[in-house]
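J.: Position in the sequence shown (first residue = 1) + 1286 = my numbering.
We put the beta carbon where it would ideally sit given N, CA and C, even for glycine.
In this text the structure is predicted, and so the values were computed from the model without any measurement.
To start, I am sharing the structure in question, which I have written as structure tokens.
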Amino acid sequence: MTAVTADKARLPAVPGAWLGVLGGGQLGRMFCQAAQALGYRVAVLDPDESSPAGMVADRHVQAAYDDPQALDVLASLCVAVTTEFENVPADSLRRLALHCRTTPAGDAVAVAQDRVAEKAYLQASGVPVAPHAAVQQVADLRDCADALFPGILKTARLGYDGKGQVRVANRAQALQAFADLGGVACVLEALQPLDYEISVVVVRGLDGRTVSYPPSRNAHQNGILALSVVDGSVPAAVAEQARRHALRVVDHLDYHGVLCVEFFVLQDGSVMANEMAPRPHNSGHYTQDGCLVSQFEQQARVMAGLPLGLTETLCPTAMLNVLGDLWFDAQGQLCEPNWAGVLAVPGTRLHLYVKSQARPGRKMGHINIVGSTSPELLKRVARVRSVLGLPNAG
Ligand code: ATP
Ligand code: MG
């Protein structure tokens, strides 16, 4: 293989050119759809023969993420390649980068793969994080500060949707939790007095220009994002702090692409970063219907070297996650959720990922809901939830 050719490095890539994505999940699927709407062809590399993204891609390279031949196929076909999840081997991105534009860079993704490196990076960028300690071995837990209790012990790698983390009231519980987690590298974080949680999706182009979306206010259930609301209810000072922190993160990394930073807003109004995702994010799905240009289209625009799009919301918007639980009735029998009832609520759009099997806790789709005012939006959210049989308390 030759190094990046002049043709491939040319900006912008014209529609009709190929863009590639590592990973075939729902984020890859929505990226494909957005890139195709702009006129690009998309190749997906994923080992699963019926992955959500593979099904809509113009080409599915069915192979492991670290398969050198498959990576070379992708690199020779595509003008640019991206990733849809942070646990793709960083070395695969580094290999792709030898031959085609790769956004984000493997080094940037590697930072987000490890909570210890991520927290160190955030702090070095001037972004506050919760007090914490890296835990490699039992002695680290014996020696850490008392102030870290009560806390949360989180595996340093591969955690998502609240998996791989245990709340611990004291040192003895932390030692037990560390053993239960298999003694793998962890981080112990002091439990923070959260008022609420927000996240900011930020986009940085190849030329270093940045745009950021308004923060979404996020509610979780059982460790999984349930609802994101963007209705102007985050105080301007909080939104501005979060926006500045998110921009600092991408500038300091010299990042190219879409990145999301999750924040805690504490009871005193201060803002602290929780973690970052080097890709479009579940809490940014509202941008598909609440903004002129979605986070997925921005991802394609960055790859193609096109100008970034507007990020302000067109109206108050919410995103309700659709989990596999909805496919089971009270008796545990499979049943199709009442989509017609959902779509009968004005201002709703349904996005399903066409996963082969519904399982409790599995992200199967989401519903974007818009309203002309915040009260109208929240009323519609409540109606959708009640159609789906979801409790309306949270
Ligand atoms: P996801 O993949 O959904 O983002 P995750 O598994 O990566 O989740 P975190 O984002 O670290 O895990 O934590 C999940 C949730 O647990 C947070 O959104 C927050 O509600 C709560 N949480 C995590 N860390 C803390 C903390 N230090 N103090 C208080 N609450 C916390
Ligand atoms: Mg999180």
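Does chain D have any CB closer than 9 Å to the CB of C1318?
T.: Absence of chain D from the displayed structure is noted, only one protein chain being present.
J.: Excluding the 5 residues preceding and the 5 following L1629 in the sequence, name in chain order all residues of the same chain whose CB lies nearer than 7 Å to its CB.
T.: Excluding sequence neighbours, L1629 sits near L1636.
J.: Should V1516 go down as buried or exposed, given a rule of 16 or more other Cβ atoms within 10 Å for buried?
T.: Result: buried.
J.: Can you find the residues in the same chain that come closer than 8 Å, C-beta to C-beta, to F1614, ignoring five residues on each side of it along the sequence?
T.: Excluding residues within five positions, the ones whose Cβ falls inside 8 Å are L1620, C1621, A1644 and P1646.
J.: Would T1634 and P1500 qualify as a contact pair, given that the criterion is a beta-carbon distance under 9 Å?
T.: Not a contact, by the Cβ cut-off of 9 Å.
J.: In this structure, how does DSSP classify E1598 when only helix, strand and coil are distinguished?
T.: E1598: coil per DSSP, three-state reduction.
J.: In terms of residue numbering, what span does the beta strand (DSSP E) encompassing S1580 cover?
T.: Looking at the DSSP string, S1580 is not in any beta strand (DSSP E), and its letter there is neither H nor E.
J.: Kindly examine the ligand ATP and report whether one of its heavy atoms sits closer than 8 Å to the Cβ of D1400.
T.: Because no heavy atom of the ligand ATP lies under 8 Å away, the Cβ of D1400 does not count as near it: no.
J.: Check whether the stretch 1366-1383 and the stretch 1521-1531 are in contact - that is, three or more C-beta pairs closer than 8 Å.
T.: Counting Cβ pairs under 8 Å, fewer than three are found: no touch.
J.: Please list, in chain order, all residues of the same chain as G1509 whose beta carbon is under 6 Å from its beta carbon, the five residues on each side excluded.
T.: Closer than 6 Å at the Cβ level, and outside the excluded window around G1509, lie D1447 and G1448.
J.: What separation, rounded to the nearest whole angstrom, lies between the Cα atoms of K1405 and P1354?
T.: If I take the Cα positions, the gap works out to 31 Å.
J.: Out of R1380, G1340 and A1433, point me to the one whose CA is closest to L1357's CA.
T.: The shortest Cα separation from L1357 among R1380, G1340 and A1433 belongs to R1380.
J.: In angstroms, rounded to a whole number, what distance separates the CA positions of A1410 and R1534?
T.: Cα-Cα distance, rounded: 10 Å.
J.: Our contact map puts T1603 next to V1547 with C-beta atoms below 8 Å; I'd like the distance itself, whole angstroms only.
T.: The pair is not a contact, with the Cβ atoms about 19 Å apart (cut-off 8 Å).
J.: I need the boundaries of the alpha helix (DSSP H) containing K1405, first residue and last residue.
T.: Start and end: R1401 to A1410.
J.: Cutting at 6 Å between CB atoms, please list the residues of its own chain near L1439, excluding the five before and the five after it.
T.: Here the set comprises V1452, V1454, A1460, A1463, C1472 and L1474.
J.: Run the proximity test for A1403: is its beta-carbon closer than 8 Å to any non-hydrogen atom belonging to the ligand ATP?
T.: The answer is no for A1403.
J.: Just the C-alpha distance for T1389 and R1666, rounded to the nearest angstrom, thanks.
T.: Going from the Cα of T1389 to the Cα of R1666 covers about 37 Å.
J.: Using the Cβ count rule (16 or more neighbours within 10 Å means buried), how would you classify Q1422?
T.: With fewer than 16 other Cβ atoms within 10 Å, it is exposed.
J.: How long is the line joining the alpha carbons of A1391 and G1627, rounded to whole angstroms?
T.: So the alpha carbons of these two residues sit roughly 43 Å apart.
J.: Do Y1407 and the ligand PLP come close, with the Cβ less than 8 Å from some heavy atom?
T.: In terms of ligand content, the structure shown lacks the ligand PLP and carries the ligand ATP and the ligand MG instead.
J.: Confirm, please, whether the CB-CB distance from Q1478 to L1408 is below 9 Å.
T.: No, Cβ-Cβ distance for L1408 and Q1478 is not below 9 Å.
J.: Per DSSP, E1475 forms a beta bridge with which residues?
T.: Looking at the DSSP assignment, E1475 forms a beta bridge with H1418 and I1438.
J.: Have a look at L1511, A1505, L1434 and D1537 and flag the residue whose alpha-carbon is nearest the alpha-carbon of R1495.
T.: That would be D1537, whose Cα lies nearest to the Cα of R1495.
J.: On the DSSP bridge list, what partners appear for H1542?
T.: Answer is none; H1542 lacks a bridge partner.
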